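Using our numbering, the letters of the sequence shown correspond one by one to residues 321 to 429. Using N, Cα and C, we set each Cβ at its ideal position, and we do this for glycine too. Quantities reported herein were computed from a predicted structural model and do not represent experimental measurements. One structure is given here, and the rest of the page talks about it.
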Amino acid sequence: MGLSVEKIPNYKVVVSDRSRHMLGNHLLFLAQKSPSAARTLNSELLNAIRSLHQFPERFPFLEAEFIPYNKYHKLFIEKWYLILYQIKERTVYIDYIVDCRQDYRWLVR
């Protein structure tokens, strides 16, 4: 008799217009310095976002003074980029893609 493997449930991933805009700005800025680095970053960010279809809970919550407790999960990419997302039922909502080298205190106001 073979072993039964439970199917891993998939989540729907929704990327907000704001996040798409933020990603576009990051890539345009980087492409001015290095088009190949921009392509690499784009690929890494998209792969990270796609990976959230399974086990999005694996990343920790963002802890910030003005953010409600356990609201956003955080996923770091390439040392400098932060993807903030919420999980509601079976859907992952990508709300922000932040370049951590920039001042993003506006996020926690």
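Could you spell out where the beta strand (DSSP E) holding residue i opens and where it closes?
| i | result |
| --- | --- |
| L404 | Y401 to K408 |
Out of the options, which has the shortest C-alpha to C-alpha gap to residue i?
| i | options | result |
| --- | --- | --- |
| V335 | Q422, L350, C420 and I407 | I407 |
| T411 | K353, I369, I387 and E385 | I369 |
| I397 | R338, I387, E364 and K327 | E364 |
With DSSP as the reference, identify every bridge partner of residue i, one or two as the case may be.
| i | result |
| --- | --- |
| H393 | F381 and Y405 |
| Y416 | L404 |
| K332 | T411 |
Count the other C-beta atoms from every protein chain shown that fall within 10 angstroms of the C-beta of residue i, then say buried if there are 16 or more, exposed otherwise.
| i | result |
| --- | --- |
| H341 | exposed |
| F379 | buried |
| Y389 | exposed |
| L350 | buried |
| R429 | Residue placement at R429 cannot be trusted, given a pLDDT of 46 that sits under 50; the coordinates are not used to answer. |
| L366 | exposed |
The alpha helix (DSSP H) spanning residue i covers which residue range?
| i | result |
| --- | --- |
| K353 | D337 to K353 |
Compare the beta carbon distance of residue i and residue j with 9 Å and say whether it is the shorter of the two.
| i | j | result |
| --- | --- | --- |
| L348 | I414 | no |
| I403 | H346 | no |
| Y401 | L361 | yes |
| H393 | E377 | yes |
| F375 | K391 | no |
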